[in-house]
Amino acid sequence: MLRYRRDPNPFARGSFGLVFRAHAPDLENRGGYVSGVVALKSIMLVDQEDEVHAAKEVHFLRLLQGHPQIVKLHDVCCESDMSDKDTGDKRYTKIVLVCESCLMSLRDFSRSAAGCPAGWAEHVLGDILQGMQHVQSH
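So for the sequence shown, the working numbering puts the first residue at 8; every next one is plus one.
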């Protein structure tokens, strides 16, 4: 399992959890990684539906590894039997996906792309389509 130091505040929020940036010293100086920076996607597993969703996400991330347009999954960590801070008695399991950290979301990237040369936009769209083709082939 990777060691990491998590930033205290999430930089993204999704329907199934929070995403934090972290520093993972074990990944420093490896080709293709930005100085050991990773994204930690924290997912609370409150019920069976959450467990199924998380299992599918991990399965597909592992299945799709190796393509340059697919986020790399480095590790999966699991913590269980934790008390809910609000109620003090509710129990749940949390999994953390340790992934490659991207500089920004695709939405933020597309907003910042205004005014860029047409050839550059075509290149980015081609990358997106290659990633989608890889997903569809599995």
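Yeah, the Cβ is synthetic: ideal placement off N, Cα and C, and Gly gets one too. Predicted model, so just to flag it, every value in this text is computed and none were measured.
Asked, Found
"Given L104 as reference, the closest of D57, A128 and V65 once Cα atoms are compared", "V65"
"R12, DSSP secondary structure in three states", "strand"
"Spatial distance of V83 from G138 (CA atoms)", "22 Å"
"Residues bridged to I102 (per DSSP)", "I50 and C85"
"Sequence-distant residues of the same chain with beta carbon closer than 6 Å to L25, five excluded per side", "P17 and S49"
"Buried versus exposed call for S87 [16 or more other C-beta atoms within 10 Å across all chains shown]", "exposed"
"Member of R114, T100, H74 and D14 whose CA lies at the smallest distance from the CA of Q143", "H74"
"Span of the alpha helix (DSSP H) around F116", "L113 to S119"
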